[in-house]
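Heads up, the sequence shown is in this note's numbering, so the first residue is 787 and it goes up one at a time.
Glycine included, each C-beta is placed from N, C-alpha and C at the ideal position.
None of the values given here were measured: they were computed from a predicted structure.
Heads up, the thing below is written out as structure tokens.
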Amino acid sequence: MSPSSETARNGQRLVIVESPAKAKTIKGYLGPGYIVEASVGHIRDLPGTAAEVPDKYTGEVRRLGVDVDHDFAPIYVVNADKKSQVTKLKSLLAESDELFLATDEDREGEAIAWHLQQVLKPKVPVHRMVFHEITKAAIQEAVANPRELNQRLVDAQETRRILDRLYGYEVSPVLWKKVMPKLSAGRVQSVATRLVVERERERIAFRTASYWDLTATFATGRTAADAANPENFGARLSTVDGRRIASGRDFGSDGQIKSANTLHLDEQAARALAAALERTAFSVRSVESKPYRRSPYAPFRTTTLQQEASRKLGFGAKRTMQVAQKLYENGFITYMRTDSTTLSDTAISAARAQVTQLYGADYLPDAPRTYASKVKNAQEAHEAIRPSGDRFRTPAETGLSSDEFRLYELIWMRTVASQMKDAVGQSVTVKVGGASADGRDVEFSASGKIITFHGFLKAYVEGADDPNAELDDRERRLPQVAQGDPLSAEQLNPEGHSTKPPARYTEASLVKELEDREIGRPSTYASIIDTIINRKYVFKKGTALVPSFLSFAVVNLLEKHFGRLVDYDFTARMEDDLDRIAAGEAKSVPWLKRFYFGVGEGHVVGGAAEAGNGDGDHLGGLKELVTDLGAIDAREISSFKISDDITLRVGRYGPYVEKASQVEGEPGQRADIPDELPPDELTVELAEELLAKPSGDFELGTDPVSGNPVVAKSGRYGPYVTEILPEGTPKTGKNAVKPRTASLFKTMSLDTITLEEALKLLSIPRVVGTDPEGQEIAAYNGKFGPYLKRGTDSRSLTSEEQILTITLDEALAIYAQPKLRGRAAAAPPLKELGTDPVSERPVVVKDGRFGPYVTDGETNATLRKDDEVETITPERGYELLAEKRARGPVKKVAKKAPAKKAATTKTAAKKTTTAKKTAATKTAAKKTGTATKTAAKKVAAKKSTGSDES
């Protein structure tokens, strides 16, 4: 019997999920008797600021939100934007006979369920309802067979949250003091940043090596029967006199060849050898044939889905998870945060049925295929990511479009292919030999592959991070030849090559690296990558992740003074220990004590493994590391030698290069580094070029009116001109004088600016004249472009040059026109996205004063940094609008109304108070319902990327 008792059978049951979209789908499967409501993500968390902490807490507890001296007790507060939703949930619970907590079945979902139970304090039976797909059968099965809340998962998630809070809140202030304000550190984000920086260091240290070889086109002399069986084939020189020809893998990062036994050909030697081989008679020396077999790829888990979506669809990890979240919530795929490659019996049956239907019985193996997870710390009890249901919908049957269609198709193809037969064929290697005119023995090699049965490759071929890599379905056919067959060389081409530095990480390859090193949770990699990009530690150049110079300074500090915290093995061992806590094999509080306080007098706890490290029993903890900062030299941390006399420095306002003066006592040269210059491109030559540019002060001449020198400068916000005031001019106080300063027009350059042009710029704002009513009209260059101003009436100009050239008559003509509300007449939308599911109004993308934005006519939401007009999807537009609605309008401080006359009787006062309370309750309930409905997309964005660090 289900958990519903006989007496409650006809009562109301409250089911709480995280997302409104999920609630809507599940409600349709449960029907009458069930109220399905969303928590809209986490309702409670550690305080974001000290202001959110209750007044009874002071000192370190108030700063951290964790009482480290009392068993690391966390302080939880209900999120300000969730208070109205909590009120609604309590109201619904008061009218219900049972409570089902139906949040996701992972550690974060278990923690959300626990927080709901703690805050709502239900007095009715509580059940934990879990499912891996949102289908009618799965939901009905879940409600009929609930389980208890898993307290071990809750403890593990709480330990992880406290650990990340302590790490972030203790280490980040060190970065503020020693590098730059507003920086952040995190248990996984700092290690991920270090990986990207280390790869760039390898590229900086890399020295290119050149090498040559020969390619040949050989002919059998026979006529090809058909195009599929060629009689000509290409081969590459492999040995000369038995010595292997050097290729790229034979050189170290220093550009030197690794082994003296390898023959390194330069251009001259390669061309001489080609000439000596022109009349050589070649023959086949050997033909080696081996069976080729390739098995299907395992079904997707979170990280492999992110990698393939990056390779095949160009999606970032965050975008992949957002789209997957929508597919899951709308019942198209199973849960998308999983480390499992296991398929249920139902899924295997569905996949095998589709193989037979679409490809035929010849492609179906005799027995179902099973896949064991290779992930060490696999998520609990999940399937692989697959189409939902006991029958898979083909992509054409889903009715999906855009990003959702493409991602579903990828998941569907991968799942079906995982239950198909191997691809089989033959791989062939042909060796061709001959003797050169000068008596050297040479051998060429050619490889071929023929796929005789494509098997799973008919359905799916995995991509590769290396764009030059050969994919599994690529065939290379060689002619049928036998040992001793004569061949003629139709072409002999010397070819030059250069070694390449290690490739930068892409989102896909960084995800793979983190997983291979067992660092962090795979379900949180998307949020980690998003964090290091938003924090300006990394920027994207194409698909490559490039570290900023700022990240070099941050990693330099962390490595020198917090080495253990960014050690890869140490971070992986911490993950192991957190899993041991989840499994009940270790205790949370002793582990946190060792991590935070270390091992010493008064703080001896457990063994090394229990503390998250195996480095001995006499280690200082995090608290000790952040206490003594005197040894950290801020200037040294942020300085990097480019040459003997040129240094790169990361300053508070950005990176710059500095060259010491040759004259003692005189200041050196400085030059700002262009934004988003990859660090490996900052060579000595480029640094000299930057320093040689007119980036410092250079005098244009003297203002004939004031007598002050006028100079041109290059600033952080672009080139500008300014006047130099005489020495002794007061710079502060009542009599302070500020120098005139003006930015160069976009059409001007520091290389060509003249004194005459500079004086015109310094004359801005320029008085154009006076209108017939006696009001002055002036031309300005403002933050949002050039404009005219007459009193409080401003009008936009079309170009900066107009500021200096517009006449009074032209200005009056502009003012004679009706004023347009905004900067210009309404322009047509940049893109139409469709109808918003919440407001049911058409959504378009427009170009606004602060950049492109989406709007449904009622709500406007500015596009984020990673959003582009050309690629933004309707779903992304709806999500931005939902987030904006959930935040609500900007609150304005209202003026206090005059005090009203007090009620003349106690009865009147009481009635007034009661009426107000009733009205307030009704209004709050109405607002709560609206806020919940319009926040539909907010939780999807948060849950899609997970939450790993403070």
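Here's a check: name, in chain order, each residue in its chain whose Cβ is nearer than 6 Å to the Cβ of residue i, leaving out the five neighbours to either side.
{"i": "G797", "result": "D883"}
{"i": "D1176", "result": "T1132, A1136"}
{"i": "A1694", "result": "With a pLDDT of 43 at A1694, under the threshold of 50, the predicted position of this residue should be treated as unreliable, though the coordinate-derived value follows. Closer than 6 Å at the Cβ level, and outside the excluded window around A1694, lies no residue."}
{"i": "K868", "result": "I829"}
{"i": "V781", "result": "It is not possible to answer for residue 781, since the shown part of the chain is limited to 787 through 1736."}
{"i": "L1283", "result": "First, the amino acid is wrong: residue 1283 is His here, not Leu. Closer than 6 Å at Cβ, skipping near neighbours: Y997."}
{"i": "G1034", "result": "T1285"}
In this structure, what does DSSP give as the bridge partners for residue i?
{"i": "F1484", "result": "A1498"}
{"i": "S1213", "result": "K1076, K1235"}
{"i": "V1324", "result": "P1333"}
{"i": "D1633", "result": "P1638"}
{"i": "E1669", "result": "Partner(s): none; E1669 has no beta bridge."}
{"i": "G1761", "result": "What the structure shows of the chain is the stretch from 787 to 1736, and residue 1761 is not part of that stretch, so it cannot be assessed."}
{"i": "A1021", "result": "A1002"}
{"i": "H1240", "result": "BP columns for H1240 are empty, so no partner."}
{"i": "R973", "result": "Looking at the DSSP assignment, R973 forms no beta bridge with any residue, so it has no partner."}
{"i": "N1646", "result": "T1641"}
{"i": "I802", "result": "E823, L887"}
{"i": "A1565", "result": "R1552, L1574"}
Which residue from the options puts its Cα closest to that of residue i?
{"i": "R1029", "options": "H1050, Y1442, G1038", "result": "H1050"}
{"i": "E1017", "options": "T1025, R946, R1008, E1064", "result": "R1008"}
{"i": "W922", "options": "T1120, D1537, G1146, I1432", "result": "For clarity, residue 922 is Lys in the given sequence; the question names Trp instead. Per the Cα distances, T1120."}
{"i": "S1492", "options": "A1668, F1338, P1512, A837", "result": "P1512"}
{"i": "L1477", "options": "S1500, N1494, P1464, L1486", "result": "S1500"}
{"i": "G1748", "options": "N865, R951, E1229", "result": "Only positions 787 to 1736 of the chain appear in this structure, which leaves residue 1748 out of reach."}
{"i": "A1330", "options": "I861, P1154, F1101, L1547", "result": "F1101"}
{"i": "A897", "options": "S1188, T1292, K876, Q937", "result": "Q937"}
{"i": "K775", "options": "Q1111, V1340, Q926, T811", "result": "The question about residue 775 has no answer, for the chain in this structure spans 787 to 1736."}
{"i": "L1264", "options": "A1232, F1242, S1295", "result": "A1232"}
{"i": "T1001", "options": "L1059, S1213, A1046", "result": "L1059"}
{"i": "L1547", "options": "D1557, T1556, T1533, G1560", "result": "T1533"}
{"i": "G1146", "options": "R1366, F1242, I1237", "result": "F1242"}
{"i": "T1540", "options": "S1425, L1144, V1497, L906", "result": "V1497"}
{"i": "D1125", "options": "Q1143, H1168, R1080", "result": "H1168"}
{"i": "D1414", "options": "V960, Q926, S1580, D831", "result": "V960"}
{"i": "R933", "options": "V912, N1521, F1191", "result": "V912"}
Between residue i and the rest of its own chain, which residues show a CB-CB distance below 7 Å, the 5 nearest in sequence each way excluded?
{"i": "K1681", "result": "With a pLDDT of 46 at K1681, under the threshold of 50, the modelled position of that residue is not reliable, and no figure is offered here."}
{"i": "G1620", "result": "V1629, P1660"}
{"i": "E1644", "result": "S1625, R1627"}
{"i": "L902", "result": "I802, S825, I829, L887"}
{"i": "S1429", "result": "V1470"}
{"i": "G1388", "result": "Because the pLDDT at G1388 is just 39, under 50, the model does not fix this residue reliably, and the value given afterwards should be weighed accordingly. Within the same chain, G1388 has no close Cβ partners at all."}
{"i": "Y1382", "result": "V854, L952, G1407, L1408, K1409"}
{"i": "Q943", "result": "R893, E894, E896, A897"}
{"i": "A899", "result": "L887, T889, R914, L935"}
{"i": "P833", "result": "V839, G851, I861, V863"}
Taking 8 Å as the limit between beta carbons, can you name the residues of its chain near residue i, skipping five residues before and five after?
{"i": "A1683", "result": "At A1683, the pLDDT of 49 sits below 50, so the modelled position is not reliable; the number obtained from the coordinates is stated separately. There are no such residues."}
{"i": "N1116", "result": "A807, T811, I920"}
{"i": "G1577", "result": "Q1561"}
Under the criterion of a Cβ to heavy atom distance below 7 Å, does residue i qualify as lining the ligand SAM?
{"i": "D1208", "result": "With respect to the ligand SAM, the structure offers nothing, as it holds no ligand at all."}
Indicate whether at least one CB of chain C lies closer than 8 Å to the CB of residue i.
{"i": "A1457", "result": "In the displayed structure, chain C is absent; only one protein chain is listed."}
Write down the C-beta distance between residue i and residue j rounded to the nearest angstrom, noting that I regard them as a contact closer than 8 Å.
{"i": "R849", "j": "Y955", "result": "7 Å"}
{"i": "K1235", "j": "G1211", "result": "6 Å"}
{"i": "V1507", "j": "L1472", "result": "Going by Cβ atoms, the distance from V1507 to L1472 rounds to 26 Å, so no, they are not a contact pair."}
{"i": "V957", "j": "A971", "result": "4 Å"}
{"i": "E919", "j": "P1287", "result": "Rounded, the Cβ-Cβ distance is 45 Å, inconsistent with contact."}
{"i": "D1557", "j": "I1563", "result": "6 Å"}
{"i": "I948", "j": "D1466", "result": "Incorrect: roughly 39 Å between the Cβ atoms, too far for contact."}
| task | Evaluate contact between the segment 1260–1278 and the segment 987–1006, counting only Cβ atoms and requiring at least three cross-stretch pairs below 8 Å. | result | yes
| Cβ contact (3+ pairs, closer than 8 Å) linking the segment 1077–1097 and the segment 1217–1225 | no
| said: I'd like to know if the segment 1301–1316 and the segment 1354–1363 are in contact, where contact means that at least 3 CB-CB pairs between them fall below 8 Å. | reply: yes
| Is the segment 1429–1443 touching the segment 1324–1338 in the sense that three or more CB pairs, one from each, lie closer than 8 Å? | yes
| query | Is the number of C-beta pairs between the segment 1184–1198 and the segment 1062–1069 that are closer than 8 Å three or more? | reply | no
| message | Measuring CB atoms only, is the segment 814–822 touching the segment 836–848, in the sense that at least three cross pairs come out at less than 8 Å? | response | Judged by pairs of C-beta atoms under 8 Å, the segment 814–822 does not touch the segment 836–848, as fewer than three such pairs exist.
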